[in-house]
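> This is the structure I have questions about; it appears just below.
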Amino acid sequence: MRVFNGVDEIREAKGTRLGESDWVTVEQRHIDQFAEATGDHQWIHVDAAKAADGPFGKTIAHGFLSLSLLPVLVKDVYSIEGVRMGINYGLNKVRFTAPVPVDSKVRGVVELVDVEDTKDGAVQLTTKVTVELEGSERPAVVAEWLTRQYV
């Protein structure tokens, strides 16, 4: 965990790799819960028997489930002391570059791309988060994530 003492200190880290998270296992229960929450019950995600004969040989996580792991993956990479709150501001670019088979392990690699002041007094961070898939040369997700930090 990399800890920054205020937003001025994180400004100095612009253009650097902040670190990587621990590995997180994507289990079938996570996939099923995501399907329930979103209404996306496509067989490649929730039907293990049919998926065994499908293109991936087993069920795979939804792309948006993999994307939704960003907060859990990034929270252990860095934190900023002295801010009263941080909010998710959105995404500039997202690519789902490889499927995440059930019981796979993923981790987040975080790079700080940009730090900007906003009109409302926040500091906007642009981070590139690469969701690596254990044992794969290709990442599962590459996303440019925007967050705002309020002092």
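One rule links them: number in my numbering = place in the sequence shown (from 1) + 757. Ideal placement from N, C-alpha and C gives every residue a C-beta, glycine not left out.
(1) CB-CB under 8 Å to Leu775, same chain, minus the five flanking residues each way: which ones, in chain order?
(2) If I measure Cβ to Cβ from Pro896 and keep anything under 7 Å in the same chain, skipping five residues before and after, which residues do I get?
(3) Are there three or more Cβ pairs, one per stretch, closer than 8 Å when the stretch 800 to 814 is compared with the stretch 835 to 844?
(4) In chain order, what are the residue ranges of uninterrupted beta strand (DSSP E) at least 3 long that sit wholly in the stretch 764 to 816?
(5) If we count the other Cβ atoms within 10 Å of its Cβ and call it buried at 16 or more, is Thr795 buried or exposed?
(6) How big is the Cα-Cα spacing for Val880 and Trp780?
(7) Is Leu830 near Trp902, with beta carbons less than 8 Å apart?
(8) Look at the alpha carbon of Gly763 and the alpha carbon of Asp789, and state the distance between them as a whole number of angstroms.
(9) Is the CB-CB distance between Thr904 and Asn845 below 8 Å?
Put simply:
(1) Translated into the one-based positions of the sequence shown, residue 775 becomes position 18. Correct list, in chain order: Arg759, Val834, Tyr835, Val867, Glu868, Leu869, Thr884.
(2) On the sequence shown, position 139 is the one that residue 896 refers to. These residues qualify, in order along the chain: Thr854, Ala855, Thr887, Val888, Glu889, Leu890.
(3) Between the stretch 800 to 814 and the stretch 835 to 844, the count of Cβ pairs shorter than 8 Å is below three; the stretches do not touch.
(4) Listed in chain order, the beta strand (DSSP E) runs fully inside the stretch 764 to 816 are 774 to 777, 781 to 783, counting runs of at least 3 residues.
(5) Your numbering for residue 795 matches position 38 in the sequence shown. Taking a 10 Å sphere around the C-beta of Thr795, we find fewer than 16 other C-beta atoms and assign the residue as exposed.
(6) The residue you call residue 880 lines up with position 123 of the sequence shown. The residue you call residue 780 lines up with position 23 of the sequence shown. The alpha-carbon atoms of Val880 and Trp780 are separated by roughly 29 Å.
(7) The residue given as residue 830 occupies position 73 in the sequence shown. The residue given as residue 902 occupies position 145 in the sequence shown. No, they are not a contact pair.
(8) Within the sequence shown, residue 763 is the residue found at index 6, counting from 1. Within the sequence shown, residue 789 is the residue found at index 32, counting from 1. Each residue's alpha carbon lies about 39 Å from the other.
(9) Taking the sequence shown and counting its residues from 1, the one referred to as residue 904 is at position 147. Taking the sequence shown and counting its residues from 1, the one referred to as residue 845 is at position 88. Yes, these two residues count as a Cβ contact at 8 Å.
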